[in-house]
Amino acid sequence: MSNTKPTFQVDQKIVYPSQGVGKIIEIKERKFKDTMILYYVIYLEVSDMTVLVPVSRSEELGIRAIVSAEEAQKALDMIGEEFEPVTTDWKLRYQMNLDLLKKGSVQDIASIVRCLYHRSKIKELPILERKLYDSAKKLLEDEISFALSKSVKEVEALIHAKLEPLGLAKDSKVSSNDDDDFDDENSEFMDDEDVGAVDDMEEDDDDDGDEE
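Residue numbering for the sequence shown follows our numbering, starting at 1 and increasing by one per position.
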């Protein structure tokens, strides 16, 4: 039997980085290789999927509680702040932002949204970056919505209001003549880490990512 004690409780809202906001619907034991393992049963509304995550791996996978209203507001305010220009190399930029998404703090997610929104104003994003932006934005909207007790549509409007003034200012300063050329339709760069894939589960463990 596993000695790991659950950090979260049933019915608690959590964030599963790269997957979305979820809810602990059950905590149960299942047998794996003659050992009883304690699992969180997590329902992910955005993908309408239920996954099993070993309690002992939850910290490693970055699963955390929804932030406080104060932290959510800080992340929202950060979106409207000035920031250093990001690299024009889209592959490097993608990797940097993907790493941030996997870390999964609300500040990291807000940083991705801010970065890619303003980059899209300069030049159209490659397909992988567009998917990364959409995933990060949805995750940010959902978490802030729960933290501030506002509807997702209200939060979406708040995020846009924070982004747009800065976007308009930067559009007049930055030229689109840069090195961000790509052929993303044919690129094989990191296609095994496509955003939204449940790639953190152990592939050889049928229990570590079961859908119910």
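Positions of the beta carbon are idealized from the N, C-alpha and C atoms, including for glycine.
Per-residue burial, residue i [other beta carbons within 10 Å of its own, 16 or more giving buried]
i: Lys92; result: Contrary to the premise, residue 92 reads as Leu rather than Lys in this sequence. Exposed, because fewer than 16 other Cβ atoms sit within 10 Å of the Cβ of Leu92.
i: Gln19; result: buried
i: Val155; result: buried
i: Ala136; result: buried
i: Val152; result: exposed
i: Ala283; result: The chain is shown only over 1 to 212; residue 283 falls outside these bounds and no answer can be derived.
i: Ala157; result: exposed
i: Glu141; result: buried
i: Ala72; result: buried
i: Ile127; result: exposed
i: Asp48; result: exposed
Span separating the alpha-carbon of residue i from that of residue j
i: Val225; j: Lys31; result: Since the first residue of the chain shown is 1 and the last is 212, residue 225 is not available in this structure.
i: Ala75; j: Ile144; result: 9 angstroms
i: Ile25; j: Leu61; result: 18 angstroms
i: Thr4; j: Ser58; result: 11 angstroms
i: Val10; j: Thr50; result: 14 angstroms
i: Thr7; j: Glu129; result: 33 angstroms
i: Phe33; j: Val15; result: In the sequence as displayed, the identity of residue 33 is Lys instead of Phe. Roughly 29 angstroms separates the two Cα atoms.
Cβ distance (whole Å) where residue i is taken to contact residue j below 8 angstroms
i: Lys17; j: Lys103; result: Note on identity: in this sequence residue 17 is Pro, with Lys being the wrong assignment. That pair is a contact at about 7 angstroms.
i: Val55; j: Tyr40; result: 6 angstroms
i: Met36; j: Glu29; result: 5 angstroms
Own chain partners of residue i with C-beta closer than 7 angstroms, once the 5 adjacent residues on each side are dropped
i: Lys13; result: Val21, Lys23, Ile66 and Phe146
i: Ser111; result: Leu100
For residue i, the three-state DSSP class (helix, strand or coil)
i: Val15; result: strand
i: Leu125; result: coil
i: Glu84; result: coil
i: Val155; result: helix
i: Ile42; result: strand
i: Phe32; result: strand
i: Ile66; result: coil
i: Glu26; result: strand
i: Leu61; result: coil
i: Val51; result: strand
i: Arg10; result: The sequence given here places Val at residue 10; Arg does not occur at that position. In this structure, Val10 counts as coil in the three-state DSSP scheme.
Contacts around residue i, its chain only, beta-carbon distance under 6 angstroms, and the 5 residues preceding and following it disregarded
i: Val86; result: Arg93 and Cys115
i: Ala69; result: Ala147 and Leu148
Own chain partners of residue i with C-beta closer than 8 angstroms, once the 5 adjacent residues on each side are dropped
i: Leu125; result: Trp90, Leu116, Arg119 and Tyr133
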